[in-house]
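One structure is given below, encoded as structure tokens.
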Amino acid sequence: MINGATRGASGWGNAREPNLKPLLFNHKAPNKHHLFKELNPTTIPRMYHSTAVVLPDNRVLVAGSNTNNGYIYHNTTFPTELRVEKFSPPYFSPSRAHKKPKIVNGGCPKTVSYGQDLTVKVNLNEKRIFLTNFMVTMYVPAFTTHGVAMNQRLVKLLLKGAVKVGEGRYDVSCVAPPNSAVAPEGYFMLSVVHRRIPSEAVWVQLK
Numbered sequence: 000m001i002n003g004a005t006r007g008a009s010g011w012g013n014a015r016e017p018n019l020k021p022l023l024f025n026h027k028a029p030n031k032h033h034l035f036k037e038l039n040p041t042t043i044p045r046m047y048h049s050t051a052v053v054l055p056d057n058r059v060l061v062a063g064s065n066t067n068n069g070y071i072y073h074n075t076t077f078p079t080e081l082r083v084e085k086f087s088p089p090y091f092s093p094s095r096a097h098k099k100p101k102i103v104n105g106g107c108p109k110t111v112s113y114g115q116d117l118t119v120k121v122n123l124n125e126k127r128i129f130l131t132n133f134m135v136t137m138y139v140p141a142f143t144t145h146g147v148a149m150n151q152r153l154v155k156l157l158l159k160g161a162v163k164v165g166e167g168r169y170d171v172s173c174v175a176p177p178n179s180a181v182a183p184e185g186y187f188m189l190s191v192v193h194r195r196i197p198s199e200a201v202w203v204q205l206k
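According to numbering that gives the first Met the number 0, the stretch in the sequence shown is residues 0 to 206, in order.
See below:
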């Protein structure tokens, strides 16, 4: 969770106290007091009309903010913001870099059909693997207006297996979304996640 205000709502001077600290939500937290973890803060208020978009490398592009009636750059509490930031979540920690999976060039179909079996070829610095440590996701980047990501969607694909095919090379098999109710036709960013570290995404067309 990123951007927004901690007091008030929307624009036109109705919001105060910008939320500068991204929050990491952990649904597996042992108790409600650990559901959210504060991450490194920004120094730029991102209020009404701000945006956050996941990039193919799984960083987050953060931009915008304008609570004013028009573009006002001076002499106002929250000036119209034109600066752009790139936020790196905790999985970009240098200590995890050598464990990041990488989808092989050409190792994933460019188009997939509903319910199709597919295999994703990945390089991974692991000698032993367990299927339960893998996840394959398809993510559609959101369009954002009024501070809300309207069509953001992340689909976790059904896993069928993960097989070692060489030193540090694995085939991960999964099943595409079953129908348009789960994932509408269009372009998605597909990533392989291992031990909560995502690969750089590749674009696939679902049709």
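Just so it is clear, CB atoms sit at the ideal spot from N, CA and C, and this is done for glycine as well.
- Under the three-pair Cβ rule at 8 Å, the segment 75–90 does not count as touching the segment 166–184.
- Per the DSSP secondary-structure output, I71 pairs with nothing in a beta bridge.
- If you draw a straight line from the Cα of T110 to the Cα of I128, it is about 27 Å long.
- In summary, F187 is buried, with 16 or more beta-carbon neighbours lying within 10 Å of its beta-carbon over all protein chains present.
- Under the DSSP assignment, W202 falls in the beta strand (DSSP E) whose first and last residues are 201–205.
- For N132, the three-state secondary structure derived from DSSP is helix.
- With a cutoff of 8 Å on beta-carbon distance, V121 and S190 are scored as not near each other.
- Looking at the backbone, the Cα of V103 and that of V61 are separated by about 28 Å.
- Taken atom to atom, the span from the alpha-carbon of H32 to that of F24 is near 11 Å.
- DSSP links D56 through a beta bridge to no other residue.
- CA-to-CA, the gap between L123 and R152 works out to about 26 Å.
- Runs of alpha helix (DSSP H) with 4 or more residues, each lying fully within the segment 95–126, are absent.
- Put simply, the backbone Cα of P93 is about 19 Å away from that of P40.
- For R15, the uninterrupted beta strand (DSSP E) run begins and ends at 14–17, by DSSP.
- Taking 8 Å as the cut-off, the Cβ atoms of M134 and V154 do not count as close.
- Taken through DSSP and simplified to helix, strand or coil, P197 comes out as strand.
- The residue among N67, G3, A14, G12 with its C-alpha nearest the C-alpha of K20 is G3.
- Per DSSP, G167 has no beta bridge partner at all.
- For A180, the closest of V201, Y113, R6 by C-alpha to C-alpha distance is Y113.
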